[in-house]
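Enquirer:
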Amino acid sequence: MPRGVSFTGEYLSRYLAGQKRWNEARGWRAKEAEAGRPSTYRDYCHAHGLCSACAATGISLNDNGSGFKAIGWNGNLLLYEECDACGGTGRIITPS
Ligand SMILES: [Zn+2]
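With the working numbering applied, the sequence shown covers 1 to 96.
Right under this line is the structure:
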């Protein structure tokens, strides 16, 4: 059972940072595509140590890739599924 987290605090600030990163990602991808290198959003995330499964927010994306996966309520607070791939950190975990 995945952990439910509210979209506040560190998750919210990661999400906002991701919004700002979007233009940078687009520039990076255009450059890589021109150079004939892998240039998907996934590749961008990988090259920057970001978790692509949750767009570096720490909260799982919906299976269709748009929006975040809500899993229930805690009182009147909507809970989202913490990203399993990065343990909610938003960064790639390198197995040691
Ligand atoms: Zn993740």
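Quick reminder that beta carbons are idealized off the backbone N, C-alpha and C, glycines included.
May I ask you to report which of helix, strand or coil DSSP gives GLY9?
Expert: In the sequence shown, the residue the question calls residue 9 occupies position 9. Three-state result, GLY9: helix.
Enquirer: Under the three-state reduction of DSSP, which class applies to ASN23: helix, strand or coil?
Expert: Translated into positions along the sequence shown, residue 23 becomes position 23. If DSSP states are grouped into helix, strand and coil, ASN23 belongs with the helices.
Enquirer: Would you check whether ligand 1 has a heavy atom nearer than 7 Å to the C-beta of GLY18?
Expert: Your numbering for residue 18 matches position 18 in the sequence shown. GLY18: no, Cβ never under 7 Å from ligand 1.
Enquirer: Give every residue of the same chain whose Cβ lies closer than 6 Å to the Cβ of TYR15, excluding the five residues on either side of it in the sequence, and list them in chain order.
Expert: Taking the first residue of the sequence shown as 1, we reach residue 15 at position 15. Contacts found: THR57.
Enquirer: When every heavy atom of ligand 1 is checked, does at least one fall within less than 7 Å of the C-beta of CYS54?
Expert: Within the sequence shown, numbered from 1, the residue matching residue 54 stands at position 54. Yes - ligand 1 has a heavy atom lying nearer than 7 Å to the Cβ of CYS54.
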